[in-house]
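Those letters in the sequence shown? Residues 1 to 122, by our numbering. We treat Cβ as the ideally placed atom computed from N, Cα and C, and that holds for glycine. Every value quoted in this text rests on a predicted model; they were computed, and no experiment measured them.
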Amino acid sequence: MSENELKPVFDVNDLQTMKVLVSRLRLKVLRVLIEQPSTIREVARELNIPPNRLYYHFNLLEQCGAIRVVETRLIAGILENRYRAVARRYQVRPNLLDEELSENNPTTTQPSAPSIEQEKSL
Numbered sequence: 001m002s003e004n005e006l007k008p009v010f011d012v013n014d015l016q017t018m019k020v021l022v023s024r025l026r027l028k029v030l031r032v033l034i035e036q037p038s039t040i041r042e043v044a045r046e047l048n049i050p051p052n053r054l055y056y057h058f059n060l061l062e063q064c065g066a067i068r069v070v071e072t073r074l075i076a077g078i079l080e081n082r083y084r085a086v087a088r089r090y091q092v093r094p095n096l097l098d099e100e101l102s103e104n105n106p107t108t109t110q111p112s113a114p115s116i117e118q119e120k121s122l
């Protein structure tokens with residue numbers, strides 16, 4: 001697979017990545033980067049928002065592996081990155097939330113209160 005080719009599906013296997021991808025703005029960025037490799041400035045122009053609003057979001061998307069740098073060039077002494085989505089579709093593993101809930105809220109068995117019959121025998 002070449003640098004600009006997209007995988008058919010990016011599987012979201014952890015809660016942190018899912019949190020990154022549920023932002024409306026980040027989803028709009030992904031839509032642009034699925035269509036074509038773009039710089040932050042090009043995406044900002046496409047979405048009609050200031051580029052400085054996108055740097056944080058691009059960083060999060062890159063850290064979780066949803067986008068990648070496909071080209072870097074030096075322009076007037078500043079490095080400019082061209083980004084590309086890694087897949088055409090982003091899919092959350094169906095049982096991800098169930099697993100997260102069971103890991104974070106283990107069921108603990110608490111001693112039950114003695115029944116009336118047990119109290120009478122005490």
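Problem - Identity of the residue in Pro50, Val86 and Glu46 nearest Gln63 by Cα - result: Residue 63 sits at position 63 when you count from the first residue of the sequence shown. Cα-wise, what sits closest to Gln63 is Val86.
Handout entry: Delimiting residues of the beta strand (DSSP E) encompassing Glu62
Key = Residue mapping note: residue 62 aligns to position 62 of the sequence shown, counting from 1. No beta strand (DSSP E) holds Glu62; the alpha helix (DSSP H) holding it covers Tyr55 to Gln63.
Exercise for the section: For my contact list, Val20 and Ala66 are in at a C-beta cut-off of 8 Å; report their separation, rounded to the angstrom. Expected result: On the sequence shown, residue 20 is found 20 positions in, with the first residue counted as 1. On the sequence shown, residue 66 is found 66 positions in, with the first residue counted as 1. With 8 Å as the limit, Val20 and Ala66 qualify as a contact, their Cβ atoms being about 7 Å apart.
Exercise for the section: For the alpha helix (DSSP H) holding Leu6, just list the boundary residues, first then last. Expected result: In the sequence shown, residue 6 corresponds to position 6, counting from 1. Unbroken run through Leu6: none, as it is neither H nor E.
Practice task
Please list the segments of the alpha helix (DSSP H) lying wholly inside the stretch 23-100, counting only runs of 4 or more residues, in order along the chain.
Solution key: 24-35, 40-47 and 55-63
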